[in-house]
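S.K.: This structure is in structure tokens; I'll ask about it shortly.
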Amino acid sequence: MLSCTYFSHEGKNILNTDPICPINQSISLYGKTTTLKVPKFLSSCKKKLKSLKVVKATLAMGLQEKEVRVDVSSMLRVTARVSVRVSREVSMMKIPWLSSQNDMKPEENGVGFQLVSTQLDPSTMKPKVSMECTSKADGAGCFSFEVELVIDENFGEPGAILVYLPSQTPEGLKYLRDVELKNKRGDGNGQRLPSDRIYDYDTYNDLGDPDKGAEYARPTLGGTMKPKVSMECTSKADGAGCFSFEVELVIDANFGEPGAILVYLPSQTPEGLKYLRDVELKNKRGDGNGQRLPSDRIYDYDTYNDLGDPDKGAEYARPTLGDVTSETRVNTMISSTYVPRDEVLEGTRRNDILMGIWKGVLHNIPPMVATFNNENGGPKDFDDITNLYRNKPQVDNIHGLLKFLDISGSIEEIFKFETPKNLSWNVTSYVEDDELGRQTLAGMNPVSLEKLKVYPPVSKLDPSIYGSLESALKEEHIVFHLNGLTVQQALDENKLFILDYHDIYLPFLERINAQEDRKAYATRTIFFLTTLGTLKPIAIELSLHPNDTNIPSKQVLTPPVDATTNWLWKLAKAHVRSNDTGVHQLVHHWLRVHACMEPFIIATHRHLSSLHPIFKLLSLHMKHALAINAMARESLISAEGIIECGFSPGKYSTEMVCAAYRDWWRFDLEGLPADLIRRGMAVHDETKPHGLRLLIEDYPYANDGLLIWSAIQELVQTYVNHFYPNENAVTSDTELQSWYSEAINVGHADLREANWWPKLSTPNNLTEILTTLIWISSAQHAALNFGQYHYGGYVPNRPPLMQKLIPQPHDLEYASFMANPQGYFLASLPSLFETTKYMAVIDIISAHSHEEEYLGEMKDMYTKWPGEPKIIEAFYRFAMKVKNIESEINRRNVDPRLRNRCGAGIPPYELLVPSSEPGVTGRGVPNSITI
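Structure representation (structure tokens):
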């Protein structure tokens, strides 16, 4: 069903001449995506009319007019123009052929029109509807629409215009009031064609004709500047199949003002719209049965029970996460994981991702050829890695490949990666101690570092399962690196910090290390805070499962004193960075952002009507996340997917994620201030900005993040207080309470009994919950995602996996390590082919789309919140704050006192700079999880 709804303000009899701002909505029908667009119109009705005209437009013939006589004393006319576009872009990589091409025959379906009143019919207690007026397509297959609707005096105020396909109309009228109109403006460029329907301003600057002679020259009247106008929706059919029609409806004089999409709390919904509101939510919830089709608009929950593919072999079997049964794995050659039709990635965003995929394929060709010529496929020296980037000399096998493909000259650049902007070509800089410390505060994973509360650190694992968990770290390992302090003094003065990956890796280590070419430790890294405000690593503990008796289960390495310990220290740091990369991707990025946000997004669509003010607010921050997560389900976290092939945990990655969710994740600690306090990186201090004092003053992620958190919190607080002036307004909002309850009890069912869930009983509670959700979707995701290529694109800096353990004197490989330590280090890294596959992936997911919407951008504010000047003013204040935040971050990045973001060879910290250009920029904060 296609529906377009216009609402009348109750109690108003005079039509307004203000423009109604646009809305739009995308929906899919039987494998084809249909976008309903209604450009803005002006209510220019007049009461003294002698006649009205019904207009019929077709694609095959010109405009025809039919005159209709009406009683001008009681009737008015409203004209709306509607455009329906059919797109075949359904999934990311393929088109599912789920129905025959005859499913959409226009001659069978046509389009029907009805008016819906805001008043209820006493006999049915449903909104009154007019008789249906149906149009049929002509013999040429073009849509032809002629609509004449006249209502009687007892009809009441028409509340909506519904447009739908009769044969596919559900039992209840599917209510799509949250369609966003598109403006009717061109781009101001190009020559106008007779087929165009673009309305634009222009000066009278073509009255003369100087090409014919000077005597024909005339002055330009009014200058050459053109005012900005909105974009018009065109009527011509394009390659994707665009059908246009006009509808002219005759309505009663008491209709009132044609309104825009308004927001109503459930208790404030007009009687005539309550039914439609209920039907909308009922349809979006579905009944939980049946197979989902691309045309469905149903939001529902499901467990991750199709990641494995045992039909391909036992090695592809994976445990079902959260359920006792497993589903058949999706065949991605012909279909894709279901997402509601409104969530499907299309257009520019889809094309940007596809372009990134093809770039990745090209980048992997030379290493693939190199692998055929190299037994282990590993880099022989650092040049093999640096030559993967542009503006570097080519290696022989690339020349051979280009000759084979008959490609020469600059074309060969397409096989190379962009140089990560944070890369220093002195490759040893990325194993230096200062850089390791700096990246824990201003790198792509700045959320793992914790204050060390007790030394030696203590494990929380069960010793009956994992044996003695006493740390091998001793006072003598670090005391000489504390600038004269004792260990206890360093603890008391907040000088010691830790990256602790012991408990998350140790339960899986025995299985991880049994995999081919995978070797990992459970690591702990101790850092000391210097007087300059920088961190330096002073000890690394490497632990293995105690069942392996041939290798020491624990060892501690400290800063080197000679050539041998220098290389051992480098290997230890590489293992730390590998663990850090895995936890960043699996826990902080995938689990905390993507996976844990998804239940809230689903619950929002299932329980908050598109009329609800909280739906309006969150809709800005929910776009694309479900489609992105569906892509991840197919290719990222699936059996033999990108995560399993590219990261140390391998086939146990999702089990590790589940363990972190079960034992560590807490929604009440996901907001930035709460997370900083949980990790001991900040303490409450009302004398400081944001009410927090950071223990490391130059902590770029925290400093910049708190600016954005506070701006979001202020906006949300203003918004919530406007719609919820007291506690009763919150507790009595049935949709709001159902939303939060289902997000917890169904979406996060495994943790529903936890006592830490925030209560939803006051406006302040709601403000904190919403601020956290918006923070996670925008700034937190940006900080964790868009720096991946620039910080991780040079694999020796952050290897996603290691292939060798640190050699021990009794090992057979110890002699080769002593003879060629660099060769041993390089052999510990992923192969060149694995390296470029990983680089291609993080290059794709680090990129911004050309149609990205960034935090603070003001688009369609009057459309989303018409008649709400206080809300619009709050958003404008927020936009100004975001601009000021960007200026402040730029200022900090050139402050020489801030050594973790400014200095010789130190890249600025830009991951929380709100704006960005398209592409892999290492900056920019989109409104939502867009990749």
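So the mapping is simple: the working numbering equals the position in the sequence shown, first residue as 1, plus 2.
For glycine and all other residues, C-beta sits at the position ideal for the given N, C-alpha and C.
(1) Using three-state DSSP, classify Ser637 as helix, strand or coil.
(2) Pull up the DSSP beta-bridge partners for Glu543, would you.
(3) Round the Cβ separation of Leu831 and Val797 to the nearest angstrom and send it over; I've been treating them as touching at under 8 Å.
(4) Suppose you measure from the CA of Lys96 to the CA of Asp862; what does that come to, to the nearest Å?
(5) Can you tell me whether DSSP reads Leu390 as helix, strand or coil?
(6) Quick check: Lys618 and Trp777, are their CB atoms within less than 8 Å of each other?
(7) Taking 8 Å as the threshold (C-beta atoms), are His577 and Met804 in contact?
(8) Measuring alpha carbon to alpha carbon, tell me which residue in Pro422, Lys314, Val265, Thr305 is nearest Met841.
(9) Taking only three categories from DSSP, how would you classify Thr330?
(10) Does DSSP put Gly2 in a helix, a strand or coil?
(11) Alpha helix (DSSP H) containing His623: first to last residue?
(12) Are Ala662 and Ile808 closer than 8 Å when you measure CB to CB?
(13) In whole angstroms, what is the alpha-carbon distance linking Thr391 and Ser637?
(14) Run the CB neighbour count on Ile467, radius 10 Å, all protein chains shown included, and call it buried at 16 or more, exposed below.
(15) Could you tell me the distance, in whole angstroms, from the CA atom of Gly290 to the CA atom of Tyr742?
(16) Please classify Asp687: is it buried, with 16 or more other beta-carbons within 10 angstroms of its beta-carbon, or exposed?
(17) Who are Pro928's beta bridge partners in DSSP?
(18) With DSSP run on the structure shown, which of helix, strand or coil describes Lys238?
(19) Exposed or buried, what is Trp569 when buried is set at 16 or more other beta-carbons lying within 10 Å of its beta-carbon?
(20) How about the region 720 to 737 and the region 577 to 593: do they share at least three Cβ pairs that are nearer than 8 Å?
(21) Under a three-way DSSP split, which group does His692 fall into?
(22) Give me whichever residues DSSP pairs with Ala684 in a beta bridge.
(23) How would you label Pro465, buried or exposed, when you count the other beta carbons within 10 angstroms and need 16 or more for buried?
(24) By a C-beta neighbour count over all protein chains shown, 10 Å radius and 16 as the cutoff for buried, is Arg899 buried or exposed?
(25) In this structure, how does DSSP classify Glu600 when only helix, strand and coil are distinguished?
(26) Between the region 476 to 495 and the region 509 to 522, do at least 3 Cβ pairs fall closer than 8 Å?
(27) Quick check on Ser848 - is its C-beta less than 8 Å from some C-beta in chain B?
(28) Tell me whether the region 340 to 355 and the region 823 to 839 touch, counting them as touching only if at least three CB pairs, one residue from each stretch, are closer than 8 Å.
(29) With a threshold of 8 Å, are at least 3 pairs of Cβ atoms found where one atom belongs to the region 870 to 881 and the other to the region 703 to 717?
(30) With which residues is Cys537 paired in a DSSP beta bridge?
(31) Going along the chain, which unbroken runs of the alpha helix (DSSP H) with 4 or more residues stay wholly within the region 838 to 915?
(32) Of the residues Tyr523, Val456, Pro381, which one's Cα is nearest the Cα of Gly682?
(33) Can we say the region 496 to 511 touches the region 435 to 451, given the rule of at least three CB pairs closer than 8 Å?
(34) So the alpha helix (DSSP H) Ile746 belongs to, where does it begin and stop?
(35) List the residues that DSSP assigns as beta-bridge partners of Phe819.
(36) Taking C-alpha atoms, which residue in Pro916, Leu753, Glu642, Pro765 lies nearest to Gln739?
M.R.: Concretely, from the data shown:
(1) On the sequence shown, residue 637 is found 635 positions in, with the first residue counted as 1. Reduced to three states, the DSSP call for Ser637 is helix.
(2) In the sequence shown, counting from the first residue as 1, residue 543 sits at position 541. Beta-bridge pairing links Glu543 to Arg526, Val558.
(3) The residue given as residue 831 occupies position 829 in the sequence shown. The residue given as residue 797 occupies position 795 in the sequence shown. So it is a contact: roughly 6 Å between Cβ atoms.
(4) Stepping through the sequence shown from its first residue, residue 96 is reached at position 94. Stepping through the sequence shown from its first residue, residue 862 is reached at position 860. Since pLDDT at Lys96 reaches only 29, below the 50 mark, its modelled position is unreliable, and no value is offered.
(5) Here residue 390 corresponds to residue number 388 of the sequence shown, with the count starting at 1. If DSSP states are grouped into helix, strand and coil, Leu390 belongs with coil.
(6) On the sequence shown, residue 618 is found 616 positions in, with the first residue counted as 1. On the sequence shown, residue 777 is found 775 positions in, with the first residue counted as 1. Contact flag unset, no.
(7) The residue given as residue 804 occupies position 802 in the sequence shown. The residue given as residue 577 occupies position 575 in the sequence shown. Going by C-beta atoms, Met804 is nearer than 8 Å to His577.
(8) Here the question's residue 841 lines up with position 839 in the sequence shown. The shortest Cα separation from Met841 among Pro422, Lys314, Val265, Thr305 belongs to Pro422.
(9) Here the question's residue 330 lines up with position 328 in the sequence shown. With a pLDDT of only 49 at Thr330, under 50, the local geometry of the prediction cannot be trusted, and no value is derived from it.
(10) No statement about residue 2 is possible, as the shown extent of the chain runs from 3 to 933 and does not include it.
(11) Here residue 623 corresponds to residue number 621 of the sequence shown, with the count starting at 1. First-last for His623: undefined, no H or E at that position.
(12) For the purposes of this step, residue 662 is identified with residue 660 of the sequence shown, where counting begins at 1. For the purposes of this step, residue 808 is identified with residue 806 of the sequence shown, where counting begins at 1. No, the Cβ-Cβ distance between Ala662 and Ile808 is not below 8 Å.
(13) Locating residue 391 in the sequence shown gives position 389, counting from the first residue. Locating residue 637 in the sequence shown gives position 635, counting from the first residue. For the sequence presented, residue 391 should be read as Tyr rather than Thr. Approximately 26 Å between the Cα atoms of the pair.
(14) The sequence position of residue 467 within the sequence shown is 465, counting from 1. With fewer than 16 Cβ atoms within 10 Å of its Cβ, Ile467 is classed as exposed.
(15) Position 288 of the sequence shown holds residue 290. Position 740 of the sequence shown holds residue 742. Approximately 20 Å, taken between the alpha carbons.
(16) Sequence index remark: in the sequence shown, residue 687 carries index 685 (1-based). Looking at its Cβ environment, which holds fewer than 16 other Cβ atoms inside 10 Å, Asp687 is exposed.
(17) Reading the sequence shown from its first residue, position 926 is the one you call residue 928. Tyr856.
(18) Taking the sequence shown and counting its residues from 1, the one referred to as residue 238 is at position 236. Below a pLDDT of 50, predicted positions are generally treated as unreliable, and Lys238, at 40, falls in that range; the measurement from the model is reported next regardless. Reduced to three states, the DSSP call for Lys238 is coil.
(19) Taking the sequence shown and counting its residues from 1, one reaches residue 569 at position 567. Answer is buried; the Cβ neighbour count reaches 16.
(20) no
(21) Start at 1 with the first residue of the sequence shown, and residue 692 comes out as number 690. Helix at His692.
(22) Within the sequence shown, residue 684 is the residue found at index 682, counting from 1. The partner list for Ala684 (beta bridge, DSSP) reads Leu696.
(23) The residue you call residue 465 lines up with position 463 of the sequence shown. When all chains shown are included, Pro465 counts as exposed.
(24) Your numbering for residue 899 matches position 897 in the sequence shown. Arg899 comes out exposed.
(25) For the purposes of this step, residue 600 is taken as the residue at position 598 of the sequence shown. Here Glu600 sits in helix by DSSP.
(26) no
(27) Note that chain B does not occur in the displayed structure, where there is just one protein chain.
(28) no
(29) yes
(30) Numbered from its first residue, the sequence shown carries residue 537 at position 535. In the sequence under discussion, the amino acid at residue 537 is Leu, which differs from the Cys named in the question. DSSP output for Leu537 lists Leu531 as bridge partner(s).
(31) 863 to 866, 871 to 894
(32) To locate residue 682, count along the sequence shown from 1; it is residue 680. Answer by Cα proximity: Val456.
(33) yes
(34) Within the sequence shown, numbered from 1, the residue matching residue 746 stands at position 744. Note, Ile746: premise wrong, no alpha helix (DSSP H); not H, not E.
(35) Locating residue 819 in the sequence shown gives position 817, counting from the first residue. DSSP output for Phe819 lists no bridge partner at all.
(36) For the purposes of this step, residue 739 is taken as residue 737 along the sequence shown, with counting starting at 1. Nearest option by C-alpha distance: Pro765.
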